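If you read the sequences in order, they're chains A and D. Going by our numbering, the first sequence opens with residue 77, and the numbers climb by one from there. Going by our numbering, the second sequence opens with residue 77, and the numbers climb by one from there. Cβ atoms here follow ideal geometry from the backbone N, Cα and C, with glycine treated the same way. All figures in this text were calculated on a predicted structure; none of them were measured in a lab. Notes for the one structure printed next.
Protein chains: 2
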Amino acid sequence: MEARNAVVLLSGGLDSATVLAIAKDEGYRTFALSFQYGQRHAAELAAARHLATSSGVAGHVVADIDLRIFGGSALTADIEVPKGAALDAEDEIPVTYVPARNTIFLAYALAYAETVGASDVFIGVNALDYSGYPDCRPEFLDAFTRLANLATKAAVEGQHLTIHAPLIELTKAQIVQRGTALGVDYGQTVSCYDADAAGRACGECDACRLRRKGFVEAGIADPTAYRTPPG
Amino acid sequence: MEARNAVVLLSGGLDSATVLAIAKDEGYRTFALSFQYGQRHAAELAAARHLATSSGVAGHVVADIDLRIFGGSALTADIEVPKGAALDAEDEIPVTYVPARNTIFLAYALAYAETVGASDVFIGVNALDYSGYPDCRPEFLDAFTRLANLATKAAVEGQHLTIHAPLIELTKAQIVQRGTALGVDYGQTVSCYDADAAGRACGECDACRLRRKGFVEAGIADPTAYRTPPG
């Protein structure tokens with residue numbers, strides 16, 4: 077039987093590297109999609125390229141989009157990335173929120189899927205760790221699926237699109253365990269909002285704290301390269 | 077009472093120029109959004125800039141996105157734009173179809189709307205002339221509205237987003253009549269898929285034929301600059 081094609085959103089972080097491994101493990105022929113969007117963490121994109129190559133994807137597109145034209149987020153604008161405190165306020169929307177980011181990412185994924193004849197899109201959103209982001213919720217993904225199945229020539233012609241979010245209900249520790257079982261080399265991934273050019277993590281931002289906590293709780297050695305050893 | 081903000085998708089063509097005039101007529105403070113997407117018709121974008129300025133919009137963002145990375149359409153790739161025949165096959169999806177284009181455009185509009193606090197987005201889609209495009213149908217717009225109202229921080233905080241498609245059921249002649257009544261200078265707009273650098277239309281592509289037919293049926297003089305007078 078011929079493998080089905082799937083588009084995998086690949087940021088180069090821990091979550092999307094795990095999702096890519098899951099899609100491959102499920103037998104899909106994978107097409108990775110990454111974004112250069114004026115983010116501070118260009119090291120993450122270098123990690124995405126490395127992961128795509130080492131995973132043997134069938135295609136990898138890096139879409140160059142500039143979300144800075146709209147302003148408004150720590151991940152793209154020149155405002156300070158919070159260290160520490162923000163994680164505790166779980167019900168609030170983090171300052172690192174980017175307006176409509178996952179909507180834009182999935183819209184591009186839809187275009188890529190139609191172009192390569194993919195019936196499936198994989199995205200590494202997580203509703204537990206990122207409860208504050210409206211576009212990481214299951215109801216958002218359901219609404220996008222409904223939209224996608226009305227939006228394209230492929231849909232009109234009967235090609236149903238399915239969006240997979242295999243991490244959506246997992247803790248970071250469970251994600252690390254799942255990926256480790258699938259052979260993901262997390263030393264290749266970059267999660268830090270403030271990584272240096274070599275991809276070394278700050279160890280202090282929300283993303284670093286979440287990631288480190290995941291390895292600790294999973295009981296798996298943390299392969300992350302830190303600029304200074306975490307305390 | 078303070079004017080409400082609206083984002084208006086502005087291509088520089090006849091339809092979107094009419095939509096901008098409608099939004100202004102309805103009292104909105106308008107923010108125009110255009111796309112540079114590797115399209116052959118860069119003259120249309122120059123027209124968009126001109127229209128935005130002369131209409132006195134409160135803001136104008138030109139998003140530089142490259143849909144050529146995915147390939148697959150006459151409007152962005154190097155395949156021949158059809159002359160003449162395609163218009164007659166109303167039930168087929170035209171070769172000028174761009175995968176997920178309106179999904180991507182509306183995703184950007186959603187980001188812009190959230191950034192400027194707009195509760196309304198205007199788009200010039202038309203279900204009559206472009207019946208072959210899946211993402212010009214009312215059910216597509218309904219699905220996007222539902223998505224938008226789950227996708228953003230603004231939505232979570234109670235700011236409902238409405239998508240307006242005031243042309244959706246109008247014929248080209250009705251659009252021309254409506255815009256003319258609102259003072260739109262259609263000589264400033266470019267619809268041709270194959271306009272030259274000065275914005276002069278070929279007179280032969282589908283967009284030119286539809287546009288010309290609209291002026292004829294509306295009984296309004298066609299101000300379009302053609303490279304050669306239409307037969």
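As the crow flies, the alpha-carbon of D/Leu85 is around 20 Å from that of D/Ala230. Between the segment 247 to 265 of chain D and the segment 290 to 302 of chain D there are three or more inter-stretch CB-CB distances shorter than 8 Å, so the stretches are counted as touching.
Within chain D, no residue has its beta carbon less than 7 Å from that of A/Tyr113; the closest one is some 11 Å off. By the C-beta criterion, the segment 208 to 228 of chain D is judged not to be in contact with the segment 100 to 109 of chain D, since fewer than 3 inter-stretch pairs fall below 8 Å. Between A/Tyr184 and A/Ala134, the gap from beta carbon to beta carbon reaches 8 Å or more.
Listed along the chain, the chain A residues whose CB falls inside 9 Å of the CB of D/Leu186 are Pro175, Ala176, Thr179, Ile180.
A direct Cα-Cα distance of roughly 43 Å separates A/Tyr188 from D/Gly295. Under the DSSP assignment, A/Ala227 falls in the alpha helix (DSSP H) whose first and last residues are 214 to 227.
A/Ala122 is not a Cβ neighbour of A/Thr265, given a cutoff of 8 Å. When 8 Å is used as the limit between beta carbons, D/Arg222 is near these residues of chain A: Ala219, Arg222, Leu223, in chain order. A contact is defined here as three or more CB-CB pairs under 8 Å, and the segment 78 to 93 of chain D meets this definition with respect to the segment 191 to 209 of chain D. Taking a Cβ-Cβ cut-off of 8 Å, the neighbours of A/Lys229 in chain D comprise Ile169, Tyr173, Pro175, Pro210, given in sequence order.
At a cut-off of 8 Å between beta carbons, D/Thr191 contacts chain A. For the segment 129 to 142 of chain A, the set of residues with a beta-carbon nearer than 9 Å to any beta-carbon of chain D comprises Val137, Val138, Ala139, Asp140, Ile141, Asp142, in chain order. The alpha-carbon of D/Leu127 is positioned some 7 Å away from that of D/Gly88. The alpha carbon of A/Glu245 has as its nearest neighbour, out of A/Leu237, A/Thr94, A/Gly208, A/Ala203, the alpha carbon of A/Ala203. Going by C-alpha positions, D/Leu243 is about 9 Å away from D/Thr94. The Cβ atoms of A/Leu217 and A/Ala249 lie no closer than 8 Å to each other. The Cβ neighbour count for D/Pro210, taken over all protein chains shown within 10 Å, is at least 16; the residue is labelled buried. Within 10 angstroms of the beta-carbon of A/Thr304 lie fewer than 16 other beta-carbons, which makes it exposed. Residue state for A/Asp91 is assigned as helix, using DSSP reduced to three classes. In terms of Cβ geometry, D/Ala176 and A/Thr228 form a close pair [threshold 8 Å]. DSSP lists no bridge partner for D/Tyr209. DSSP lists A/Phe107 as the beta-bridge partner residues of A/Gly135. In its chain, beyond the 5 residues on either side, Ile141, Asp142, Leu143, Thr152 have a beta carbon closer than 7 Å to the beta carbon of A/Tyr113. Taking C-beta atoms as the reference points, D/Glu78 and D/Ala271 fail to come closer than 8 Å. Listed along chain A, the residues sitting closer than 7 Å to D/Ile145 by beta-carbon distance are Val137, Ala139.
Looking at the backbone, the Cα of A/His236 and that of A/Arg213 are separated by about 21 Å. Interface annotation, A/Leu226: in contact with chain D, CB-CB separation under 8 Å. For A/Phe216, the chain D residues whose C-beta falls within less than 9 Å of its own C-beta are Leu223, Leu226, Ala227, listed in chain order. When C-alpha distances from D/Thr129 are compared across D/Ala97, D/Ala118, D/Phe146, D/Gly103, the shortest belongs to D/Ala97. Taking a beta-carbon distance threshold of 8 Å, D/Ala183 counts as an interface residue toward chain A. Between the C-alpha atoms of A/Ser92 and D/Thr191 there is a straight-line separation of about 27 Å.
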